[in-house]
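Each residue of the sequence shown is one higher than the one before, starting from 138 at the first, in my numbering. Built from N, CA and C at the ideal position, the CB exists for glycine as well.
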Amino acid sequence: MVAYAARPASYVVRLARAASWDWGMVLGLVVLAVFLVVAAIGPAVAPYDWMQINRTDRGATVGLQPPSDRFWLGTTNMGRDIFSQVLVGTRGALAVGGAAALSVVTIGLLIGLLAGYFRGWVDSVLMRLVDLAYSLPLEPIAIVVLAIVSRSFVTMVLAISLLAWRGPARVIRAQVLSVSQRPYIKAARIAGAGHTRLLFVHILPDVLPLALMYLPVAFGRAVLAEAAISFLGFGAPDLITWGQMLQQGFVAGAARTAWWWILAPGGCISAVVVSVFFVARSFEDSLNPRMRQ
């Protein structure tokens with residue numbers, strides 16, 4: 138396992154240096170920044186209400202209209218503006234992805250720290266939980282949770298986070314096993330440092346880059362998971378997202394009659410996931426000493 142011996146103050150410097158030459162990271166960060174701005178101000182600048190049924194001057198519904206000067210991304214079969222839905226749906230998709238990513242990394246970090254530090258029966262129990270989580274499929278379990286509990290934003294985040302922490306937990310645990318045997322950790326233990334101080338003052342800074350590397354990865358996977366769950370019809374009914382737009386378009390047969398209805402949300406999902414990939418790759422290059430060599 139590669140040693141990530143660095144303190145938090147150096148993380149920003151390393152990432153800034155990586156961004157100075159890695160155009161993939163720069164492009165990914167720019168795209169993600171644009172989507173974050175859209176998520177923040179999208180509902181306020183949307184030209185139409187996303188539920189509004191638009192009509193012509195004669196009162197006829199402007200359903201399935203292709204992109205035009207009035208409707209930049211066309212309309213749905215109900216005459217709703219797709220551009221406005223994309224702007225509003227960006228907030229929902231990124232909110233679910235961001236909250237789920239933070240939950241996944243936090244849970245994986247804590248479990249990895251505890252398992253790698255205490256070892257023994259604690260490690261055995263936690264690693265068996267990881268093995269159990271690996272044996273269960275993410276999306277079907279999330280759908281079951283949403284169907285039994287409730288179809289809401291909080292439940293969606295919890296359902297996606299329920300099993301997605303397994304990868305970070307296993308890798309961070311392996312790193313903690315290595316870090317906990319280093320001389321300065323043994324010296325701190327001999328000096329009287331307690332478990333809490335050893336874990337969160339001495340060990341955590343050395344494994345934090347590994348956890349940060351999983352943050353963009355977990356974000357991209359959470360966006361995809363939310364889109365898949367919403368596409369299957371189990372999304373939060375009061376939350377418009379790109380996945381729900383795809384689901385509504387699929388039900389209406391837009392793949393055959395209105396390509397723009399599918400292209401807009403699908404393109405947004407693809408752009409976010411590809412951007413996250415470039416950022417995550419640069420995280421690995423800048424924080425992993427072996428790959429930098």
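Item	Value
Supposed contact pair P342 and G245 - C-beta distance, whole angstroms, cut 8 Å	Contact doesn't hold; Cβ gap of about 17 Å is too wide.
I285 - containing alpha helix (DSSP H), residue span	L275 to I285
Assigned exposure category for R307 - 16 Cβ within 10 Å defines buried	buried
Contact set for R256: own chain, Cβ-Cβ below 8 Å, skip 5 residues either direction	L314
D218, buried or exposed, once every other Cβ within 10 Å from all chains shown has been counted against 16	buried
Whole-number beta carbon distance between L247 and V259, since they are thought to touch under 8 Å	That pair is no contact at about 12 Å.
Own chain, CB closer than 6 Å to G386, minus 5 neighbours either side, in chain order	W398 and I399
Start-to-end residues for the alpha helix (DSSP H) that takes in L336	Counting along the chain, L336 falls outside any alpha helix (DSSP H), and DSSP gives it neither H nor E.
Euclidean distance between Cα positions of F371 and I377	12 Å
Inter-residue Cα distance where the pair is V175 and R334	41 Å
Contacting residues, own chain, Cβ-Cβ under 8 Å from R231 (five flanking each side not counted)	The residue asked about is misnamed: residue 231 is Leu in this sequence, not Arg. The answer, listed in chain order, is F172, L173, A176, V360 and V409.
Chain-order list of residues whose beta-carbon lies under 7 Å from that of S298 (same chain, five-residue window excluded)	A237, S240, V241 and I244
Length-filtered (4 minimum) alpha helix (DSSP H) runs lying within the region 344-410	379-388 and 391-394
For T193, the three-state DSSP class (helix, strand or coil)	coil
Range covered by the alpha helix (DSSP H) that runs through A237	I219 to F255
8 Å Cβ shell around G357 - same chain, five flanking residues per side excluded	G234, V409, V410, V413, F414 and A417
Unbroken alpha helix (DSSP H) run spanning G161, endpoints	W160 to V182
Any 3 or more C-beta pairs closer than 8 Å across the region 177-185 and the region 206-226	yes
Three-state class that DSSP yields for T213 in the structure shown	coil
Segment contact, 8 Å Cβ cut-off, at least three pairs: the region 345-353 with the region 283-292	no
Anticipated Cβ contact below 8 Å, I278 with L300, distance rounded	6 Å
Start and end residues, alpha helix (DSSP H) containing A328	Where A328 is concerned, there is no enclosing alpha helix (DSSP H), given that its DSSP letter is neither H nor E.
Beta-carbon spacing of L266, V282 below 9 Å	no
Rounded distance between the beta-carbons of P374 and R226, thought under 8 Å	Looking at the sequence provided, one finds Gly at residue 226 rather than Arg. Contact flag wrong, Cβ pair sits at about 14 Å.
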